[in-house]
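Chains as they are written, first to last, in this note's numbering: chain E, 276 to 575; chain P, 276 to 575; chain F, 276 to 575; chain B, 276 to 575; chain U, 276 to 575; chain A, 276 to 575. Quick reminder that beta carbons are idealized off the backbone N, C-alpha and C, glycines included. Worksheet for the structure shown next.
There are 6 protein chains.
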Amino acid sequence: MKLNEWLNSEIPHIAESLESINKSNFFIDKTIGFAGKESIYKILHHFRSALFPGVYDKYPIDENKVNIMIGNNLRTSALDLKDLIVKVLKNDGDNSSSIEDKASEIVVNLINSFPEIRNTLQTDIEAAYNGDPATLSTEEILLSYPSIEAVSIHRIAHKLYVMGVPMIPRIMSEYAHQLTGIDIHPGATIGDYFFIDHGTGVVIGETCQIGNHVKIYQGVTLGAKSFSLDENGNPIKGIKRHPNIEDNVVIYAGATILGGDTFIGHDSIIGGNIWLTESVPPYSRVYHSQPSPTIKNGNG
Amino acid sequence: MKLNEWLNSEIPHIAESLESINKSNFFIDKTIGFAGKESIYKILHHFRSALFPGVYDKYPIDENKVNIMIGNNLRTSALDLKDLIVKVLKNDGDNSSSIEDKASEIVVNLINSFPEIRNTLQTDIEAAYNGDPATLSTEEILLSYPSIEAVSIHRIAHKLYVMGVPMIPRIMSEYAHQLTGIDIHPGATIGDYFFIDHGTGVVIGETCQIGNHVKIYQGVTLGAKSFSLDENGNPIKGIKRHPNIEDNVVIYAGATILGGDTFIGHDSIIGGNIWLTESVPPYSRVYHSQPSPTIKNGNG
Amino acid sequence: MKLNEWLNSEIPHIAESLESINKSNFFIDKTIGFAGKESIYKILHHFRSALFPGVYDKYPIDENKVNIMIGNNLRTSALDLKDLIVKVLKNDGDNSSSIEDKASEIVVNLINSFPEIRNTLQTDIEAAYNGDPATLSTEEILLSYPSIEAVSIHRIAHKLYVMGVPMIPRIMSEYAHQLTGIDIHPGATIGDYFFIDHGTGVVIGETCQIGNHVKIYQGVTLGAKSFSLDENGNPIKGIKRHPNIEDNVVIYAGATILGGDTFIGHDSIIGGNIWLTESVPPYSRVYHSQPSPTIKNGNG
Amino acid sequence: MKLNEWLNSEIPHIAESLESINKSNFFIDKTIGFAGKESIYKILHHFRSALFPGVYDKYPIDENKVNIMIGNNLRTSALDLKDLIVKVLKNDGDNSSSIEDKASEIVVNLINSFPEIRNTLQTDIEAAYNGDPATLSTEEILLSYPSIEAVSIHRIAHKLYVMGVPMIPRIMSEYAHQLTGIDIHPGATIGDYFFIDHGTGVVIGETCQIGNHVKIYQGVTLGAKSFSLDENGNPIKGIKRHPNIEDNVVIYAGATILGGDTFIGHDSIIGGNIWLTESVPPYSRVYHSQPSPTIKNGNG
Amino acid sequence: MKLNEWLNSEIPHIAESLESINKSNFFIDKTIGFAGKESIYKILHHFRSALFPGVYDKYPIDENKVNIMIGNNLRTSALDLKDLIVKVLKNDGDNSSSIEDKASEIVVNLINSFPEIRNTLQTDIEAAYNGDPATLSTEEILLSYPSIEAVSIHRIAHKLYVMGVPMIPRIMSEYAHQLTGIDIHPGATIGDYFFIDHGTGVVIGETCQIGNHVKIYQGVTLGAKSFSLDENGNPIKGIKRHPNIEDNVVIYAGATILGGDTFIGHDSIIGGNIWLTESVPPYSRVYHSQPSPTIKNGNG
Amino acid sequence: MKLNEWLNSEIPHIAESLESINKSNFFIDKTIGFAGKESIYKILHHFRSALFPGVYDKYPIDENKVNIMIGNNLRTSALDLKDLIVKVLKNDGDNSSSIEDKASEIVVNLINSFPEIRNTLQTDIEAAYNGDPATLSTEEILLSYPSIEAVSIHRIAHKLYVMGVPMIPRIMSEYAHQLTGIDIHPGATIGDYFFIDHGTGVVIGETCQIGNHVKIYQGVTLGAKSFSLDENGNPIKGIKRHPNIEDNVVIYAGATILGGDTFIGHDSIIGGNIWLTESVPPYSRVYHSQPSPTIKNGNG
């Protein structure tokens, strides 16, 4: 009774107060909002269904149906994505009259690259198969490996990032992060045959460049050392802050490699929990020279 | 055929057996169960929709509709939450006749604090914007940052925790944990302008106190050293077990800070993978003085 | 306009190209696909609903209904699981005529073990209650602890693994991984009273053997040191690669224990962030003898 | 703006007013309400799925699965129906201690009669096949004939009616009415080989008795002439008010047959639009002796 | 294969052709479309839930919740309805600047009349109870009588019609028609204590006026005789074309009463299948003086 | 308790019994079943969405999207429909090797006729607008007239019927019947500018031929007089049994016109409730020359 009275009399004021705080802080009409986020998730779903028919949707056996469904998914998502790109470009300050054409071109380029992306993802599947002794069949990789979840989204998001699309690639990568615990910034460049084992807690920064045949374990950070501030004390955006990893490198669990000048030479192995802020030459083996832990007498 | 016979003849016994184990071990009728959990998730959704219209629901442009929807969401959730609080208080042994009034008062206090919570969350958004060089617009923080996901839930759950509500705040924080990999106990006190980058694996303990302008990276633990046992060997509940972090502190990835007496003085920087069980004074820079890792000759 | 023209004229070719890449790389008709994955998730849901009525579904108070619902869930899931097992055994190369009987027997064995699994899970709940000072009631463990989420799935998946079912247990364990950030290979053997606190980033390898009353914190890896390659440079599958943890061991956050010959003796405590690749005797206390971190003068 | 103000200030009063009218007029807590109605629809669905596997649900080809699914559907629906019966009996004034047993017995009797009901429905399908020159296969009857929709529901509802269950049979028959435009009161007794062609507008009253091999067309009413009033002017409930139709009768579209004493003798044919309030002997042919309609000269 | 080629090459042209036909024939951008129709259905649902809590939604027992839910439903629907009214008024040619105010006023008037509508509907429930010997309780009327379905929608739609709202009332009444087979034009004026038994096929025209305590059976038409054409041969809209039915009249199944000048005097009874195009005085009994049907000898 | 025992012990037998009755009576594996019915409903939805964008789906304003969506809907539905046609042709005994080609050709022909069907439906909309004085705008016809619901489905179903597709057209027409109460057999041939007012109870038989500009009211039957039986007493299928209605005819409510030789000449008007089994020449006016009903003195 008393609660209801309060709800009827006071809630309108609180609602108005929240609305007013929002209006002063946050230009909600300029964002893509919840609807845009949902739309991006749906587009990703359709794109991955097109790349791997049968893995993200109950696809029919009939090849004709698969073909038509891939086509339909790509067409619908292309138009939805174009609209979103126009919106985020506008919010980003692009007022050019050719913004529709620009967005269309981005979409065309992205979809044109899908056969290439699919071929690259095939190398990632092979890397997972070869890299994990627990795998008994290639089929289970697509159905149960977080690596392929995260990397398939990354390879799409990265294409958009490279073409200058704001915000959308980040929403895609954060979606992968939420699904897998693997946080790959869409800016990172990643070669073929890439595999992340277990994956939880992996962070790969925006300006990383990763070669071919690289394998990474859970909890690895490829991050920034610290970032330069401008005269106002704000971080300077857009400079190289994250390491390069050359071909055939393995990085074990929990290793941390930081800095834009840090290059891990090809065919190196970085041990678990290693903390590296400087480059190492090719063929390096970086082991933990940690002092033996103190082991108190086992007799209790 | 044979399987069906077995299913028809034996399953009833197994069902009975499972039911009987459950009855002896678990007082399911005293819990809020699956329905309660679902209800808490829905309440959280409505509350966050009220705090950030357009981010958690497809809100209309029309301001009048936004206003009415915030109000409706708050009213419905208020009553649902009140019922749940009454239930968990009763399960917790509260048999007072004023339990309905108590629960109502908690709900009123919580919702009254929403404008304040919203203002605080705005400082968290600003901290994220300033703290991450990869962010290009404030808009993308609300749509794609796990930090704001986890912290917005925490600030609601913490209010309930402080008012003595059992179980519900923990279900809320575990929901955030599941979404983001960030595990903040609802008991933790957290100041303004708080930002967690990447976030996976962060653990913040129940009795932590965190000041303003604190920034934390993935894999940081603010935990207990060990916990005191009572005469029966059970952990003593309710004593301060986790560190305090003062204003303007940065804690890099994988650092572990333990113990209820451990204070990190203001304006300190704690390096990555640091293991700290003792206090440090203000303005400290705690670096990893780990021995250089062994790097075997790169010529392989 | 131009985009639509492109969509109508070019998408059919891209769809055909993607279809053709898929056909050459991936024998989609031999997998269980998306539909199988969904089915496994549904089976897991029904099984856990049978083990803990009221926790995974809105179960009615009426005991008769609970009883019938458990039975119905088990019967439906039994047949669905049998079909899936037949399919994965066939994909795995089993062409024996008794494959249906074999799959039925596996299902019968699994469900027959449910009362035992339920009893074991009860010890896990008790371990969680005793092991976490922040828990105030046993009820909240089932509703909000990632440990019980992951371990309840593991105990089911492990039974299937032991009976030689391919792929399905891995899809189950990866589902748990996605929900909780805890990655337990279904091959791992785990005793009673097992508890993982917080859990994000925990990795437990395929050939681990874990005793009773073991407690593990977030970020712990029980992994392989490296794996032996066969003459072709491929990892040799099926040999013991992961450590054994005896009874009453506690392993703190971020510790890494590697190798198939590494045995952690009973009643030992392994400190946080410890890196261990060799056995320790019973009653060991393995502390971090790390050098004090460099703490620069706090006067900034 | 002004509308919002009104909504916030006035709606609480209108809500209170509506609530108060409801409370004084309608004992909502004594009914089964919307939830009960939904439950009855679901029970009907499960029952009809059990009677005709594959027609009301996507049933699997596998016979074992069909068998288990029928069983599960019957078990679940049995308990739901028992609860509803207890509720409506109580609302109807039954306060006996054996009400649970009574409801259980009704459910057992109903389900025990399902093989018999299924056999009878098979005669209805045959009647439809033989009675409609437009039918080319028996299969299309189950998938597209309103007659079988309505009659399959009636045969279930009638069993409940006969056993004295209030309200539930009426909700079932009104559900059929809504689906098909055929309104058969659950009290009506209907023999084998019954077929209604087209069906829209057919009304069959509570105390009708219909023999075997009867065929009825759209718009036929088997109704009451008028009903006797008691001393207070209220209709006397529970007396025979509707006609009997003996075996092998055909009644064409729009015919109206009224009265509890009106018997249509076996093997009769009642013409379209006929209005009959008196009995006719067996083998009657009742034609429309209506005067020729006036046909004005066709030259306009 | 060949079909797919055709689908890829020809469908774009057919799609373009359909789009172009639509554009030339139908100003889809000027209508409320599918979204508007869905919205009207939802508004009706909320309004009827507010009038009869527990009948159209799973309402909680708790009176406070009922109260808040009624309020929330009315507020949300008020704003949705206002938007729709603005849209249909504009489509109807209203370009006044005060169109928002006008729509708001209509909504306020409608909702203000809800207590009155609820009271009137209570008289309809009583009429159904008294008028149908097959009814055993008032509760079953709300759950299973098409009359109350159709009339509750009519009384809402009629209020909107009277206030000059185009299209929306018609969509409401056609929704009722689809649910029940009862087609009441929203323009019809209907008094208290109104009951339609069975109802299928009833048609009540736009300019009918029906008094209190009127009872109608299935298949009754209260229609227009013919309608006057203007000089262009088009029907003249907006003149009285349908009969008046005074208080206490009963009209039996299939009767047809036509014409705007046809008045059925109070306390009359119109027999089944009667065809009336002229007025009858109060207390009339209009029976079917049809010649006895030809009954051929029953000996077959 | 006792009920549960019965459910566990007896339900398996009843399930087996029902399964066995079904197997002996009904070749469920030869039908399209529930799944096929659902698929037909979905195809109809997509087809009507293609014919009237915005009326059956929330279509976007953007013309490019409308175009792509129409195309996608047609492509998907084309393949689904082809599969269903193959199935029903096979069930119907067609074992030719070219059955896939035949089904494809049917689908291509159907979709090729969509622009023509759309144009014809436009004439139906115009007929509705001109024929109903209560209509105030053409827009409301598509959103609220049962005539256009039923006729739009009929025009699609009829095309399939003409091409010899079994069962599917009947399921379509019965779907329309359920939605509207209008039962048009897919075999009926119907000209342009066709309008059915109110519609409930209308039945139009398989071999009817209806000209242009025909208008029909509720409850009209265009049926068979009786049907010829073959030597076994079964109805002879496939002969003309229903009347022809020439151009510009109006048939008022409840009229019944029967027989394959009955021709209603052009520009005729058939009065309400008329019963006609013989042809009438052009320009006829067929009025009800029924004797005045007996009207008993109005003084009661």
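Restricting attention to A310/B, A463/B, G456/B, G308/B, the CA atom closest to the CA of T475/U is found in G456/B. Within the DSSP bridge table, the entry for G513/B names no partner. By the Cβ-count criterion, T482/F is buried, with 16 or more other Cβ atoms from all chains shown falling within 10 Å of its own Cβ.
Following the DSSP letters along the chain, one finds G486/B in no beta strand (DSSP E), marked with neither H nor E. G486/P places its beta carbon 7 Å or farther from that of L533/P. When Cβ-Cβ separations below 7 Å define contact, I345/U makes no contact with chain P. Under a 10 Å Cβ-count criterion, I479/A is classified as buried, with 16 or more other Cβ atoms of the shown protein chains found around its own Cβ. For the pair of segments examined, the region 304-318 of chain B was found not to touch the region 399-414 of chain B: the number of CB pairs separated by less than 8 Å stays below three. Relative to the Cα of L417/A, the nearest Cα in the group S314/A, G546/A, P328/A, N283/A belongs to P328/A. A straight-line Cα-Cα distance of about 30 Å links K312/A and Y527/B. As DSSP reads the structure, I465/U sits in a beta bridge with I485/U.
Assigned with DSSP and collapsed to three states, F327/B falls in coil, not helix or strand. For N384/B, no CB of chain P lies under 7 Å from its own CB, so it is not counted at the interface with that chain. Taking a 10 Å sphere around the C-beta of D355/U, we find 16 or more other C-beta atoms and assign the residue as buried. E391/B has its alpha-carbon roughly 50 Å from the corresponding atom of V555/A.
Per DSSP, the unbroken alpha helix (DSSP H) holding D376/B starts and ends at 374-387. The Cβ-Cβ distance between G346/U and I286/B falls below 7 Å.
If you check the CB distance, V477/F and V495/F come in under 7 Å. Closest in alpha carbon position to H288/B, among I289/U, M438/U, P444/U, F389/U, is F389/U. I428/F: member of the alpha helix (DSSP H) spanning 421-437, first to last residue. Using a C-beta cut-off of 8 Å, the region 336-345 of chain F makes no contact with the region 358-365 of chain F, since fewer than three inter-stretch Cβ pairs fall below that distance.
Setting aside the 5 residues that flank it on each side, A353/F is surrounded in the same chain by V382, I386, each with a C-beta closer than 7 Å to its C-beta; the list follows chain order. Residue contact with chain A for N297/P: absent (no Cβ-Cβ distance below 7 Å to any residue of chain A). Within 10 angstroms of the beta-carbon of Y334/A lie 16 or more other beta-carbons, which makes it buried. Annotation for Y450/F: no beta strand (DSSP E) segment contains it, though the alpha helix (DSSP H) segment containing it runs 443-455. It is roughly 33 Å from the alpha-carbon of I511/E to the alpha-carbon of I423/E. Among the residues facing chain F, N342/A is included, as its CB has a counterpart in that chain under 7 Å away.
Taking 7 Å as the threshold, the shortest C-beta distance from N283/A to chain P falls below it. Against chain A, the beta carbon of N366/U has neighbours under 8 Å at S412, E414, listed in chain order.
Here the C-alpha atom of I446/U lies approximately 8 Å from the C-alpha atom of I315/U.
Within its own chain, the residues whose Cβ lies closer than 8 Å to the Cβ of I400/E, once the five positions on either side in sequence are excluded, are T413, I416, L417, I423, listed in chain order. Counting C-beta atoms within 10 angstroms of its own C-beta, D458/E has 16 or more neighbours from the protein chains shown and is therefore classed as buried. Listed in chain order, the non-local C-beta contacts of E553/A below 7 Å within the same chain comprise T537, local neighbours out to five positions each way being set aside.
For T351/P, the enclosing alpha helix (DSSP H) has its first and last residue at 338-366.
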